[in-house]
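**Student:** Could you have a look at this structure, given as structure tokens, before my questions?
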Amino acid sequence: MMDELRELYQEVILDHGKNPRNFRDVEDATGHAHGKNPLCGDQLVVYLKVGQGNVIQDVSFVGKGCAISVASASMMTELVMGKTVEQAHALFERFHQMCTGEGEAIDDADVDPDDLEKLTVLSGVRAFPVRVKCATLAWHTLNAAIEGKEESSSE
Amino acid sequence: MSNPAQAASIEAALPYDVEAYRKDFPILSETVHGRPLVYLDNGASAQKPRQVIDAITHVYEHEYANVHRGVHYMSERATDAYEGARRKVQGFLNAKHEREIIFTRNATEALNMVVRTHGQKFLQPGDEILISIMEHHSNIVPWQMLAAEKGLKLKAVPITEDGELNMATFREMLTPETKMVAITHISNALGTINDAAEITRLAHDAGAAVLLDGSQAAVHMPVDVQALDCDFYVFTGHKLYGPSGVGVLYGKEARLEAMPPFLGGGDMIETVTLEGSTWAALPNKFEAGTPMIAQAIGLGAAVDYVTNIGMDRISAHEEDLRRYATQRLSSIPGLKIYGTAPRKAAVISFTVEGVHSHDIATIIDRAGVACRAGHHCAQPLMEMLGVPATTRASFGLYNTRADADALVEALESAREFFGL
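Residue numbers (numbering that gives the first Met the number 0), protein chains in the order written: chain A, 0 to 154; chain B, 0 to 419.
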């Protein structure tokens, strides 16, 4: 029982869940979006500032959620900070594959292997299908913020 | 033993043999992640006894055909069984007539049926509908839709800190404009047992019709619609140890007679010409098309099952579990119970400080304990309580004190897991 749970709730996740990074808003944000998981009522807002060259100069989030969704959001802000929008998209693609186990893992020049490595701590959700949405909510919301949509849902 | 009262008192004195009842439910022998299943999600849906499973199999093996149509033997058998189930539900709710029992797909459909027939015809612009803050979405959204279409006002009665309906405010909110009061008998999220008879009396005095959502109450306590005097009462089969796909609308005969049909089609008509049609008598007027035949018969078997045990005895057993579980849960540091009304069913919603309810549900699931986590389809209530989600343990007739112990143990390990 405990092994799979330890795999899901690794120390890194518990740490990010308790002390989320970039847990604030961005005053001069160029975009933001609300993310909701209607199944559990979790909600968060992702703020984003995109500057020259499509570079994400600042990204943050606020909201309430389970340890998995908060940790995922926290790690996401750390990883996409300073990246281009395209790089963030590419990283989400690979991360989504990792969480669901679906699709071909293609080598993508836009994805830094070290970033992907960091995200593998969240791959434990694969053994908990109902929790995949918790891990991907922040990323879906980031996408919505980039695309200028105000609402995102993990449903 | 010929005296029914004497027989009832002898039955009431019998010990509640929960281990024997547990053996009736095949799924309770399943293991989950290598642990025995501890099923505490009865508020969402209950498990099925062998008697219900067998009744459904029996229909398909021995007495299946369409109902109300054929003159052949099998159709008569199926019709008898289907109408027999209606009589069982009539007895279960103590309705005056069996034609006051309408089979629906679930409680949600039963609620929508009242909204779309009674509500559509009898509510006029400016009329007010009173619901409560503790309603399930199914008793909010259909009224909202009708209110938007017809210019009605929808108001929600607040609750007290204990999670009881605020009766003083309810009295004040009843006005000559109030034409409909639609309130839950037992809250699915808080477990509060509302004083349904008093609510009905006050509403009737104000000239409003009354609908009670009995989705939880029909499962946890004896219900007598004549004693309650409500105009409508709804519940669903799958929470009452019956199959999914069947629910019940009870309506007073005069109300049902005055209402237009819900769906048009076969079975609900008397005569059809291309110029127009006339409606069948109750209850067929509200049962268009081939109904849920086997499910209704399965529900009849479920009604027999709980009636044989005795709803009052089930209620007493669950009350013991509620007291025991509440006491044990209260010993967990940081655990807060939502809903502390003196009259409460064995539905316990709680949060644990420092652990989100989703994480709790995942961790205790690995110990074989099934609980609901989330907003319980009662978002306005959750917003009022200021919590995005709670964990809900809801007990049924087959649960034991050991199940409550397993829950407490699993919660302790969840806290440990999060370093609390």
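Think of the CB as a built atom: it goes at the ideal place given N, C-alpha and C, for glycine as much as any other residue.
Computed from a predicted structure; not experimentally measured.
Does the distance from the CB of asparagine 21/A to the CB of serine 59/A come in under 7 Å?
**Tutor:** Cβ distance < 7 Å, so asparagine 21/A and serine 59/A count as in contact.
**Student:** Reducing DSSP to helix, strand and coil, say where alanine 287/B ends up.
**Tutor:** Residue state, collapsed to three classes: coil.
**Student:** Taking only runs that begin and end inside the stretch 57-116 of chain B, name each unbroken beta strand (DSSP E) of 3 or more residues, in chain order.
**Tutor:** Runs found: 100-103.
**Student:** Alanine 300/B: which of Arg49/B, Lys22/B, Tyr63/B, Asp266/B sits nearest, CA to CA?
**Tutor:** Ranking Arg49/B, Lys22/B, Tyr63/B, Asp266/B by Cα distance to alanine 300/B puts Arg49/B first.
**Student:** Can you look up leucine 4/A in the DSSP assignment and give me helix, strand or coil?
**Tutor:** In the structure shown, leucine 4/A sits in a helix (DSSP, three-state: H, G or I).
**Student:** How would you label leucine 211/B, buried or exposed, when you count the other beta carbons within 10 angstroms and need 16 or more for buried?
**Tutor:** That one is buried.
**Student:** Would you tell me roughly how many angstroms separate the C-alpha atoms of threonine 272/B and phenylalanine 285/B, rounded to the nearest one?
**Tutor:** Roughly 19 Å between the two C-alpha positions.
**Student:** Give the list of continuous alpha helix (DSSP H) stretches no shorter than 4 residues that lie fully inside the stretch 346-376 of chain B.
**Tutor:** Counting only runs of 4 or more, we get 356-364.
**Student:** When DSSP labels each residue in this structure, what does glutamate 18/B get in the three-state scheme?
**Tutor:** Residue state, collapsed to three classes: helix.
**Student:** For the pair the stretch 105-114 of chain B and the stretch 76-93 of chain B, tell me if three or more CB-CB distances fall below 8 Å.
**Tutor:** Not touching, per the Cβ criterion.
**Student:** Within its chain, find whatever has a CB closer than 6 Å to the CB of leucine 281/B; leave out the 5 residues flanking it on each side and keep chain order.
**Tutor:** Correct list, in chain order: Arg98, Leu255.
**Student:** Which bits of chain B does glutamate 85/A rub up against, with CB to CB less than 9 Å?
**Tutor:** Those do not exist, as glutamate 85/A stays about 32 Å from chain B at its closest Cβ, beyond 9 Å.
**Student:** When we look at the beta-carbon of leucine 136/A and count the other beta-carbons within 10 Å, is it buried (16 or more) or exposed?
**Tutor:** Answer is buried; the Cβ neighbour count reaches 16.
**Student:** Give the straight-line distance between the Cα atoms of serine 329/B and tyrosine 323/B, rounded to the nearest whole angstrom.
**Tutor:** So the two alpha carbons sit approximately 10 Å from each other.
**Student:** Helix or strand or just coil, what does DSSP make of glutamate 127/B?
**Tutor:** Here glutamate 127/B sits in strand by DSSP.
**Student:** Note down, in chain order, each residue of its chain lying with its Cβ closer than 6 Å to the Cβ of serine 1/B, except the 5 sequence neighbours on either side.
**Tutor:** Residue placement at serine 1/B cannot be trusted, given a pLDDT of 45 that sits under 50; the coordinates are not used to answer.
**Student:** Got a sec: is the Cβ-Cβ distance from alanine 66/A to anything in chain B below 7 Å?
**Tutor:** So, interface residue.
**Student:** At a CB-CB cut-off below 8 Å, which residues of chain A make contact with arginine 391/B?
**Tutor:** Result: empty, since nearest Cβ-Cβ is about 12 Å, beyond 8 Å.
**Student:** Within the chosen definition, does the stretch 148-165 of chain B reach the stretch 99-110 of chain B through at least 3 CB pairs nearer than 8 Å?
**Tutor:** Not touching, per the Cβ criterion.
**Student:** Determine, for lysine 63/A, whether the minimum Cβ-Cβ distance to residues of chain B falls below 7 Å.
**Tutor:** Yes, its Cβ sits closer than 7 Å to a Cβ of chain B.
**Student:** At the 7 Å Cβ level, is leucine 4/A part of the contact set with chain B, yes or no?
**Tutor:** For leucine 4/A, the answer is yes, since a Cβ of chain B falls inside 7 Å of its Cβ.
**Student:** Just to make sure I have the definition right: I need the residues of chain A whose C-beta is within less than 8 Å of the C-beta of glycine 373/B. Which are they?
**Tutor:** Under the 8 Å cutoff, chain A gives Leu38, Cys39, Gly40.
**Student:** The beta strand (DSSP E) with tyrosine 337/B in it runs from where to where?
**Tutor:** Residues 334-337.
**Student:** Whole-angstrom Cβ separation of serine 71/A and methionine 97/A, contact assumed at under 8 Å?
**Tutor:** So it is not a contact: roughly 12 Å between Cβ atoms.
**Student:** Look at the alpha carbon of isoleucine 52/B and the alpha carbon of glycine 297/B, and state the distance between them as a whole number of angstroms.
**Tutor:** Spanning the two alpha carbons is a distance of roughly 7 Å.
**Student:** Under a CB-based cut-off of 7 Å, is methionine 0/B close to chain A?
**Tutor:** The pLDDT assigned to methionine 0/B is 40, lower than 50, so where the model puts this residue is not dependable, and the model offers no usable value.
**Student:** Enumerate in chain order the residues of its own chain whose CB-to-CB distance from proline 379/B is below 8 Å, with the five nearest sequence positions on each side excluded.
**Tutor:** Excluding positions up to five away in sequence, the list reads Ile132, Glu134, Ile139, Ala155.
**Student:** How big is the Cα-Cα spacing for arginine 200/B and leucine 227/B?
**Tutor:** Distance between the alpha carbons of arginine 200/B and leucine 227/B is about 8 Å.
**Student:** For the alpha helix (DSSP H) that glutamate 252/B lies in, which residues bound it at each end?
**Tutor:** Counting along the chain, the alpha helix (DSSP H) containing glutamate 252/B begins and ends at 252-257.
**Student:** Beta carbons nearer than 7 Å to chain A: which residues of the stretch 334-363 of chain B have them?
**Tutor:** From the stretch 334-363 of chain B, only His355, His357, Asp358, Thr361, Ile362 have a Cβ closer than 7 Å to chain A.
**Student:** Along the chain, where does the beta strand (DSSP E) containing alanine 392/B start, and where does it finish?
**Tutor:** Residues 389-393.
**Student:** Just reading off the beta strand (DSSP E) that leucine 153/B is part of, what are its end residues?
**Tutor:** Start and end: 152-156.
**Student:** Let me confirm a value: arginine 5/A is counted as buried when at least 16 other C-beta atoms fall within 10 Å, else exposed. Which label applies?
**Tutor:** So arginine 5/A counts as exposed.
**Student:** Which whole runs of the alpha helix (DSSP H) in the stretch 122-147 of chain A are 4 residues long or more, in chain order?
**Tutor:** You should have 131-145.
**Student:** Does the CB of arginine 68/B have a neighbour CB from chain A at under 7 Å?
**Tutor:** Closer than 7 Å: no.
**Student:** Ordered along the chain, which non-local residues of its own chain (more than five positions away) have a Cβ less than 6 Å from that of arginine 327/B?
**Tutor:** Hits under 6 Å: Ala403, Val407.
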